[in-house]
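Residue numbers (my numbering), protein chains in the order written: chain U, 160 to 504; chain H, 160 to 504.
What follows is a single structure, written as structure tokens, with notes after it.
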DNA sequence: AGACTGCATGTTGACGTGAACATGCGAGCG
DNA sequence: CGCTCGCATGTTCACGTCAACATGCAGTCT
């Protein structure tokens, strides 16, 4: 029996050309191809050209799996998050993706469809199998606490907008600063006090905004009305706004996000209370649309892009040099538009 | 010279335990560990337990790079998109991520920060090095056409909301159907004709919506006013709305997305034209906030989740069985709220 | 009893890359 | 002139996994 005809059995996917193929084509060793592929300087210009030509001719593309196996680096950052359908998360993710791309990393999304115990734990389990060098977590704090999930040891982690800042480096918007800005703006206009439409009880940012609102009120000797708790949705803002509209004492409202502010605005219109003539409203986030609300919304701008950028920076610092950074706060800015004015005389 | 002390030089990152370590710990061969790791059935219950224990003890996690190298599969889907800061894109991405996770795939984001020639080409180049089994492209059509970018041959592709449906399978919302629904709704209420605030000239979905609006008008023998072109932003909707508000003939406006509709609404309020008593407005998208606009917006709901799910389905069908599917259209639904009414008598 | 089957488990090698370690050649220098 | 140094290039091997092919053992059938 002579050499059987070597039937190219490969029943699976056709693999692309490898370094060896390029090497053969260019008449060099595989190592030289590797050097060219990685842009090393110690290759003769002629040789380099020959290799590049061979690469183009064969349509060679480096196999990232082999590369990762060899180097232990995936050049990818995992991002664990719940729904993307939140203005802030999305903006943050966008910035993370861009910052990562600039640094030569790609983003692997690890969604947690439903924030139940099991799902969260599942996401973290799955994480073990993901090809990532580090992880950025954008998840409501209490879910991290309740699920005492164990992150794979040795995996660099940065946490955004959440507690757990004691365990991991954290990047966050300066919630308290923003809330103070909003509250003082209203107080400064002459309002006796400021009502607050808060986010969900267990949300990290909601809690911080609420506490800062309360502290600011106290610091100014203003009465502290009970906070009204919403769920971030414009719908909940609307429901709460309807209640608030009934009380003629209410002349200033600080809403924990723009979406709820939108609902409040609608409630005021429906109740025939003029904004800002009778009632002033301040939001939080400065989403794209806020300037087109009716009236255009005075709000606290968050720099999501900055948060994303800093997260990547902090994470990559740990990934690449092992240096774990401390936590960072990103400032906020008050954007005054037309939904606030002096209280009615 | 005796065996030098084998200094564990590894200067780079500490690697986690490998199959070999687990095998040693559990006193089995590496292959058996592999079998357990992949849930094969042909392993004795005792042995399996022993291996699992060893895995836990050592904190073993499979190396996906090695796995991918061996199998040629990354179990990851690349998503190429511009800014995430668009309501629709984000919702679609969310659905894609969830659908992919359900199928055991993760998502690798490949952002294209600025839609310039170079950037797009760059993203596609980078793609060559990405560890993905297939790609979903969510990019404005004209950018694909203008950049005659070459996708790596043999890489399965699905295109969302774009042309290029001739080259690749496409999944899209039935734009025309939605626009017809909106236009007919207004006509049905008794409006003489319907004005249109369109999206950017070269946007695929904007064009389809606009064409369908025009055709519907013609089909009903209604006069076709010139379309006014915005850029999707609420700000542009506001500017156009201000113009429209000046013309007392205008009683019905179909806006190509909800954000521009928000701007139109604000313009009407500022101009003292009542919605819907004097002017009716219909949007497109049904974003979360639309129900809380003032007045709540009648709009065309898009099922982004469905688009995402179908994209993944189509892509994975090609990835896993090589079967290339045709293009799909996802229906839309008209959501009637309070921004539309019969024209003033 | 002998051959054969089915199953758990082990051994070998290859996937594509790149670090570490050769090799080989010409220039520079005492 | 002989030695060394610098540089381009080549060779070898391991990264961790899993398919393919052994091996070995307990039943089962004729």
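The beta-carbon is built from N, C-alpha and C at its ideal position, and this holds for glycine as well.
With three or more CB-CB distances shorter than 8 Å, the region 247–266 of chain U counts as touching the region 461–469 of chain U. Contact between residue 393 of chain U and residue 454 of chain U fails: their C-beta atoms lie close to 16 Å from each other, not under 8 Å.
Taking the Cα of residue 348 of chain U as reference, the smallest distance to any Cα among U:176, U:435, U:397, U:188 is reached at U:435.
In the three-state reduction of the DSSP assignment, residue 247 of chain U falls in the helix class. Closest option to residue 359 of chain U, judged by alpha-carbon separation, among U:264, U:259, U:414: U:414. Taken through DSSP and simplified to helix, strand or coil, residue 329 of chain U comes out as strand. Put simply, the backbone Cα of residue 189 of chain U is about 29 Å away from that of residue 261 of chain U. When U:391, U:211, U:416 are compared, the shortest CA-CA separation from residue 195 of chain U is found for U:211. For residue 202 of chain U, the three-state secondary structure derived from DSSP is coil.
Residue 342 of chain U and residue 351 of chain U have their C-alpha atoms spaced approximately 11 Å apart. Just so you know, the alpha carbons of residue 209 of chain U and residue 398 of chain H end up roughly 57 Å apart. Chain order gives the chain U residues near residue 233 of chain H as 223, 224, 290, where near means a beta carbon separation below 9 Å.
Secondary structure of residue 372 of chain U (DSSP, three-state): helix.
At a beta-carbon threshold of 9 Å, the residues of chain H lying near residue 269 of chain U are 256, 260, 265, 266, ordered along the chain. Short of 7 Å from the beta carbon of residue 491 of chain H, and not among the five residues preceding or following it, lie these beta carbons of its own chain, in chain order: 332, 333, 336, 337, 340, 459, 460, 461.
The DSSP-derived three-state label of residue 339 of chain U is helix. For the 8 Å CB-CB criterion, residue 239 of chain U and residue 292 of chain U do not form a contact.
Around residue 356 of chain U, the same chain offers 387, 389, 396, 399, 412, 414, 415, 419, 423 as residues with beta carbons nearer than 7 Å, after the five sequence neighbours per side are excluded. Look at residue 421 of chain H: its C-beta is under 8 Å from a C-beta on chain U.
Its Cα nearest to that of residue 312 of chain H, the residue U:216 stands out among U:206, U:216, U:197, U:367. Of all residues in the region 364–397 of chain H, only 392, 393, 394, 396, 397 place a beta-carbon less than 8 Å from a beta-carbon of chain U. In this model, residue 472 of chain U and residue 315 of chain U are separated by some 12 Å (Cα to Cα). Proximity to residue 381 of chain U across U:327, U:345, U:430 peaks at U:345, based on C-alpha coordinates. Proximity of chain U to residue 341 of chain H at the Cβ level (cut-off 9 Å) is not reached, the minimal Cβ distance being about 20 Å. The region 418–497 of chain U contains, as complete beta strand (DSSP E) runs of 3+ residues, the segments 439–444, 457–461, 487–489, 491–494 (chain order). DSSP lists U:240 as the beta-bridge partner residues of residue 270 of chain U. Taking C-alpha positions only, residue 280 of chain U is separated from residue 266 of chain U by approximately 21 Å. Annotation for residue 357 of chain H: the continuous beta strand (DSSP E) segment containing it runs 354–357. Within 8 Å of the CB of residue 468 of chain H, no CB atom of chain U is found; the nearest one sits about 12 Å away.
A straight line joining the alpha-carbon of residue 234 of chain H with that of residue 406 of chain H spans about 56 Å. In this structure residue 298 of chain U touches residue 271 of chain U by the C-beta definition: roughly 7 Å separates them, less than 8 Å. Assignment of beta-bridge partners to residue 293 of chain H by DSSP yields H:236. Cβ-Cβ separation between residue 456 of chain H and residue 430 of chain H: approximately 18 Å, too far for a contact (criterion under 8 Å). Check the Cα spacing between residue 504 of chain H and each of H:484, H:437, H:494: the tightest is with H:437. Taking all protein chains shown into account, residue 408 of chain U has fewer than 16 neighbouring C-beta atoms within 10 Å of its C-beta and is therefore exposed. For residue 317 of chain H, the enclosing beta strand (DSSP E) begins and ends at 316–319.
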